[in-house]
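Q: So that we are looking at the same thing, I have put the structure below in structure tokens.
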Amino acid sequence: MILSFFDNAIISKFFTIVVTSITVMTAATGCTIPGVGTIGGGPSSLYGVLKNDPNNTDISGGTYLRANAVQIGPTTDSKDVNGTALSTLSIRKLQQVDKDTLYALTVEKGLFLSSNGGVTWKRKYIYNINSNKSTPEEKTADTNAKIQQNDQFNIVDFAFDISSPKTIYISGKDITKVGKIFKSNDYGNSFLPTYTEVEPNISVNHLTIDPLNPNRVYAILEKGAIIRSLDGGSNWQKIYGLIDPPVSIGFVVNSNNLLYALTDKSLLTSADDGTTWTNIPLKKKPKAANSVNSVSNNNNYFNSGSPDILSSITKIVFVQNGDYNALKTRQDQGINTLEVFVIAEQQLWYTDNLASGLAPINLPLQNTQNNLLDLAYDPKIGTNKLMLSVDNKLLISGNKGQSWAISDNIRTQEKIGSIYQIVIDRQNPEINYLGLASLKK
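In this note's numbering, the protein residues as written are 2 to 442.
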């Protein structure tokens with residue numbers, strides 16, 4: 002039974018995975034989150050990644066293991082032998098490829114890859130850091146200069162081909178403030194530029210790859226332009242302009258592989274590869290129609306914007322059960338038949354029919370100014386197991402969100418940063434990862 006899973010305090014079996022580089026930490030490059038603030042590093046809390054694995058026999062009784070082994074190419078980590086800076090990296094994005102392979106994007110040091118379930122991480126450099134200098138001193142200086150060049154490229158997003166995860170795209174803005182996209186066909190061991198924005202001061206902020214046709218790649222520029230490549234990144238064209246600030250772009254495989262773009266005020270969908278778009282306002286259900294687990298007396302229910310339309314949207318989650326192969330054969334569900342969660346107006350909203358609107362879910366929170374950051378569902382049993390991050394708290398529900406418990410089992414010696422992302426293992430949902438970040442207002 003799912004509730005007994007949580008009662009056994011499996012969440013207490015987290016261990017810390019941290020990542021770093023050989024150079025002295027530089028100031029964090031900020032990344033604004035609509036309605037939340039800025040992601041950035043900081044010295045006072047624990048960041049990096051936490052992992053919960055009940056099968057790890059080395060962890061017992063709330064004891065945490067910290068894995069400090071970070072592979073960083075041809076050199077070794079000699080500046081942080083005491084581990085004082087190893088946990089200072091804020092996670093911007095965390096994605097699992099398979100049971101052993103994960104990508105982690107950090108604010109300060111870019112992209113990392115783990116091939117052993119998060120035990121060790123290897124940094125992936127956009128620009129080659131190998132040196133052909135003759136003396137050790139010259140090689141060290143040259144390598145450090147090349148690492149600094151990598152540090153100065155602000156990677157904002159990445160996406161990998163789920164049918165061939167060695168293919169990965171990264172996007173962001175370089176030191177000259179030119180937006181770019183790079184592509185790798187070897188798990189990030191080498192990158193080549195595939196897109197350069199012609200207008201200055203415009204980053205490439207959001208990426209997605211069509212899961213059923215990886216030659217189709219989409220991105221959203223900082224000011225809302227959607228660009229598309231139909232040939233694996235060789236050629237790009239601008240196809241649409243968003244009016245409101247963009248939040249994300251992706252596909253709903255269960256709904257005829259529908260392409261969507263989310264802004265802080267609405268959901269847009271395209272059924273023709275991005276050529277035309279339909280605006281779907283995310284409506285609030287009338288209070289009388291709310292379900293039993295909805296907020297019944299929340300004064301903030303109609304607190305901003307149009308009284309019946311959600312605003313300040315920061316995340317949307319379409320519930321799509323099954324692994325990739327199952328999803329490929331199940332594409333006939335209309336978008337209005339899917340379960341959907343939305344984080345907006347500092348609340349969590351839910352519907353099983355978008356056309357009928359979304360209702361707020363009651364959460365055990367005293368402060369209405371909490372930052373709701375991420376929600377994940379069990380890939381095998383769906384909404385019967387939910388995990389929600391609120392600042393540095395982890396909320397757990399075993400009954401479709403009707404009731405929640407705040408986990409008190411993340412017992413690191415240090416105060417942890419905000420839980421910016423939750424990843425639940427697709428093959429073994431008892432294993433999960435938390436990406437920690439510093440949120441700066």
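Idealized CB from N, CA, C, for every residue including glycine.
When the Cα of L1 is compared with those of L112, T107 and K266, which residue comes out closest?
A: Residue 1 lies beyond the stretch modelled for the chain, which goes from 2 to 442, so this question has no answer here.
Q: Between the segment 130–150 and the segment 194–209, can you find at least three pairs of beta-carbon atoms closer than 8 angstroms?
A: Too few Cβ pairs lie closer than 8 angstroms, so no.
Q: In three-state DSSP terms, what is N429?
A: Here residue 429 corresponds to residue number 428 of the sequence shown, with the count starting at 1. The answer is coil: DSSP assigns N429 none of H, G, I, E or B.
Q: Provide the residue span of the beta strand (DSSP E) that contains D379, from first to last.
A: Residue mapping note: residue 379 aligns to position 378 of the sequence shown, counting from 1. Looking at the DSSP string, the run of the beta strand (DSSP E) that includes D379 is L373 to D379.
Q: Which residues does DSSP list as the beta-bridge partners of W350?
A: Position 349 of the sequence shown holds residue 350. DSSP output for W350 lists V343 and P361 as bridge partner(s).
Q: Cβ atoms of K52 and L373: under 9 angstroms apart, would you say?
A: Your numbering for residue 373 matches position 372 in the sequence shown. Your numbering for residue 52 matches position 51 in the sequence shown. Cβ atoms of L373 and K52: not closer than 9 angstroms.
Q: Taking Cβ positions, are Y351 and I362 nearer each other than 9 angstroms?
A: In the sequence shown, counting from the first residue as 1, residue 351 sits at position 350. In the sequence shown, counting from the first residue as 1, residue 362 sits at position 361. In contact: Y351 and I362 (Cβ atoms closer than 9 angstroms).
Q: Enumerate in chain order the residues of its own chain whose CB-to-CB distance from Q96 is below 6 angstroms, with the five nearest sequence positions on each side excluded.
A: The residue you call residue 96 lines up with position 95 of the sequence shown. Once the five neighbours on either side are set aside, the close Cβ partners of Q96 are Y104.
Q: Is I423 helix, strand or coil by DSSP?
A: As a first step, residue 423 is located in the sequence shown; it is residue number 422 there, counting from the start. It is a strand residue.
Q: Could you work out which residue in P365, I310, A356 and T338 is closest to E346 when comparing CA atoms only?
A: Numbered from its first residue, the sequence shown carries residue 346 at position 345. Comparing Cα-Cα distances from E346 to each of P365, I310, A356 and T338, the minimum goes to I310.
Q: Going straight from the alpha carbon of E223 to that of I182, what length do you get?
A: The residue given as residue 223 occupies position 222 in the sequence shown. The residue given as residue 182 occupies position 181 in the sequence shown. Roughly 13 angstroms between the two C-alpha positions.
Q: Could you tell me which of I314, F342 and L47 sits nearest to Q321, measuring between CA atoms?
A: For the purposes of this step, residue 321 is identified with residue 320 of the sequence shown, where counting begins at 1. If we check each option's Cα against that of Q321, F342 comes out closest.
Q: Hey, could you find the ends of the beta strand (DSSP E) G52 is sitting in?
A: Working through the sequence shown from its first residue, we reach residue 52 at position 51. According to the sequence as given, residue 52 is Lys; it is not Gly. G49 to N53 is the span of the beta strand (DSSP E), which, as asked, contains K52.
Q: Could you pull out every residue in the same chain whose Cβ sits closer than 7 angstroms to the Cβ of K401, ignoring the five residues on either side in sequence?
A: To locate residue 401, count along the sequence shown from 1; it is residue 400. Within the same chain, K401 has close Cβ partners T384 and N385.
Q: Can you tell me where the beta strand (DSSP E) holding T209 begins and where it ends?
A: As a first step, residue 209 must be located in the sequence shown, where it is residue number 208. Segment V205 to I210, the beta strand (DSSP E) holding T209.
Q: According to DSSP, simplified to helix, strand and coil, what is I148?
A: Indexing the sequence shown from 1 puts residue 148 at position 147. Looking at I148 - three-state DSSP - the assignment turns out to be helix.
Q: Decide if P287 is buried, meaning its Cβ has at least 16 other Cβ atoms within 10 Å, or exposed.
A: Here residue 287 is taken as the residue at index 286 of the sequence shown, counted from 1. Looking at its Cβ environment, which holds fewer than 16 other Cβ atoms inside 10 Å, P287 is exposed.
Q: Looking at the structure shown, is N400 part of a helix, part of a strand, or coil, going by DSSP?
A: One-based indexing of the sequence shown puts residue 400 at position 399. Three-state DSSP puts N400 in coil, outside helix and strand.
Q: Between K174, F252 and W122, which has its C-alpha nearest G189's C-alpha?
A: To locate residue 189, count along the sequence shown from 1; it is residue 188. The residue with the shortest Cα to Cα distance from G189 is W122.
Q: Considering only heavy atoms of the ligand PLP, does any lie closer than 8 angstroms to the CB of W405?
A: In terms of ligand content, the structure shown is empty, and the ligand PLP therefore cannot be addressed.
Q: Could you compute how far the alpha carbon of L359 sits from the alpha carbon of I425?
A: One-based indexing of the sequence shown puts residue 359 at position 358. One-based indexing of the sequence shown puts residue 425 at position 424. Straight-line Cα distance between these residues: approximately 25 angstroms.
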